[in-house]
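Chemist: If you count the sequence shown from 1, you need to add 5 to reach the numbering used here.
Idealized CB from N, CA, C, for every residue including glycine.
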Amino acid sequence: MLRWFRRRHEPTQPDQRPSPSHDGDAEQAYIREAERRRLRRLLQQQAELQYDREQALEAQKPSNRWTVRAAELEAAIAQVEADIKQWDQPQRAPSPPPELPPVPIQLIACDTTAPATLTLVIGTIPCTWHEAIDWAERGHQLAPAQLVRDEVDLSPLFPTDLTEDQRTTLSERLLTSLDLLATAVLQAIREQQPIDLPTLSSLVRPCPVCGGWRDLHDHCPTCLTRERHRQQLVSELRRLRKERDAVLSDMARTRDRLPIIERQLREIETDIAALQAKGVTLEN
Ligand SMILES: [Zn+2]
Numbered sequence: 006m007l008r009w010f011r012r013r014h015e016p017t018q019p020d021q022r023p024s025p026s027h028d029g030d031a032e033q034a035y036i037r038e039a040e041r042r043r044l045r046r047l048l049q050q051q052a053e054l055q056y057d058r059e060q061a062l063e064a065q066k067p068s069n070r071w072t073v074r075a076a077e078l079e080a081a082i083a084q085v086e087a088d089i090k091q092w093d094q095p096q097r098a099p100s101p102p103p104e105l106p107p108v109p110i111q112l113i114a115c116d117t118t119a120p121a122t123l124t125l126v127i128g129t130i131p132c133t134w135h136e137a138i139d140w141a142e143r144g145h146q147l148a149p150a151q152l153v154r155d156e157v158d159l160s161p162l163f164p165t166d167l168t169e170d171q172r173t174t175l176s177e178r179l180l181t182s183l184d185l186l187a188t189a190v191l192q193a194i195r196e197q198q199p200i201d202l203p204t205l206s207s208l209v210r211p212c213p214v215c216g217g218w219r220d221l222h223d224h225c226p227t228c229l230t231r232e233r234h235r236q237q238l239v240s241e242l243r244r245l246r247k248e249r250d251a252v253l254s255d256m257a258r259t260r261d262r263l264p265i266i267e268r269q270l271r272e273i274e275t276d277i278a279a280l281q282a283k284g285v286t287l288e289n
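1) Relative to ligand 1, is the shortest distance from any of its heavy atoms to the C-beta of V209 smaller than 7 Å?
2) Using a threshold of 7 Å, is the CB atom of V214 nearer than that to any non-hydrogen atom of ligand 1?
3) With a threshold of 7 Å (Cβ to nearest heavy atom), would T168 be considered close to ligand 1?
4) Taking only runs that begin and end inside the region 163-201, name each unbroken beta strand (DSSP E) of 3 or more residues, in chain order.
5) In the DSSP output, what is I130 paired with across the bridge?
6) Taking C-alpha atoms, which residue in L185, Q198 and L270 lies nearest to Y56?
7) Go through its chain and collect everything with a Cβ distance to E86's Cβ below 7 Å, but skip five positions before and after it.
8) Identify whether L287 lies in helix, strand or coil by the three-state DSSP scheme.
9) Which residue comes first and which comes last in the alpha helix (DSSP H) that contains A121?
10) Using the Cα positions of A189 and I200, report the straight-line distance between them to the nearest angstrom.
11) For H234, which three-state DSSP category applies?
12) Around the Cβ of L123, are there at least 16 other Cβ atoms within 10 angstroms (buried) or fewer (exposed)?
13) Between T227 and ligand 1, is the CB less than 7 Å from at least one heavy atom?
14) Distance check for E267 and T286, CA to CA, integer angstroms please.
15) By Cβ distance below 7 Å, which residues in the same chain neighbour R8 in space, the five residues on each side in sequence not counted?
16) Note down, in chain order, each residue of its chain lying with its Cβ closer than 6 Å to the Cβ of I110, except the 5 sequence neighbours on either side.
17) Tell me C225's beta-bridge partners as DSSP assigns them.
18) Based on Cα-Cα distance, which residue from C212, D93, W218 and T165 lies nearest to Q236?
19) Report the option in P226, S206, I82 and E136 whose CA atom is closest to the CA atom of V214.
20) Span of the beta strand (DSSP E) holding L152?
21) What does the Cβ neighbour count give for G217, buried or exposed, with the cut at 16 atoms within 10 Å?
22) Round the Cβ separation of R154 and D184 to the nearest angstrom and send it over; I've been treating them as touching at under 8 Å.
23) Ignore the nearest five residues each way along the sequence and tell me which others in Q51's own chain have a CB closer than 6 Å to its CB.
24) Check for me: the alpha helix (DSSP H) holding T204 runs from which residue to which?
25) Using only the heavy atoms of ligand 1, determine whether one of them is closer than 7 Å to the beta carbon of G128.
26) Taking DSSP as the reference, what is the three-state secondary structure of I110?
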């Protein structure tokens, strides 16, 4: 690019130069202006290369902005690795949660006409669901009907020696299982299938992993939440390692450019000196 510029705008050879005339003055002014523009561009390139050289020299230092950032990332990586290790450690064998009594569950009322209602009784505690239908417009049903449960307190059925946390977990799990059961029962009645009602003790089963309870479908939300959290940590670890590698390769790239930058800088400085020797300045 520079070579092209030089060829195109270098002054014509003296012997080819037209004799001094008005046209000759105009040509000289044109050439001088072109040289000034070239000097301006070279000085700008020089400033840019000087900045690049500072960066490359900085990257040679044992401690620099890249190593500082990489160290911060290493610390974060070590922290996340420790967190994952802690999550992966086998937990202390959890004490199995207390058994629930095998209280029978009975169907005492069901009206399958939409919106349906259903009542189950657990021991002596009745629990009723109503079908909630989202009618978009008359005659057109948008989504499948959902069973909505009336408020119910099942705590009289709980073992007495539970901690407050266990009572909360058990209550959530039991209500989830009852909702699943109510949906299955209503479907069985509509399809005229036999209904097999479990007892309270089989609605929630102990989770051997966390010592809580699993629902009717054998899902343990506590364990699922833990697994999700672990997955987040693994993604975070991957992201941090990628960023650290990018910082280190940027440092290596910047450092390795030093000889190229210095060569370019020497060439440009030679060109600048040549123009200045001819008396070209930015002002004239
Ligand atoms: Zn669990």
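Modeler: Here's the rundown:
1) no
2) yes
3) no
4) none
5) I127
6) L270
7) L242
8) coil
9) No alpha helix (DSSP H) contains A121, which DSSP labels as neither H nor E.
10) 9 Å
11) helix
12) buried
13) yes
14) 24 Å
15) A caution first: R8 carries a pLDDT of 45, below 50, which makes its placement in the model too unreliable to give a value.
16) L125, I127 and L202
17) Looking at the DSSP assignment, C225 forms no beta bridge with any residue, so it has no partner.
18) D93
19) P226
20) Q151 to R154
21) buried
22) 6 Å
23) I273
24) It is not in any alpha helix (DSSP H) - T204 carries neither H nor E in the DSSP assignment.
25) no
26) strand
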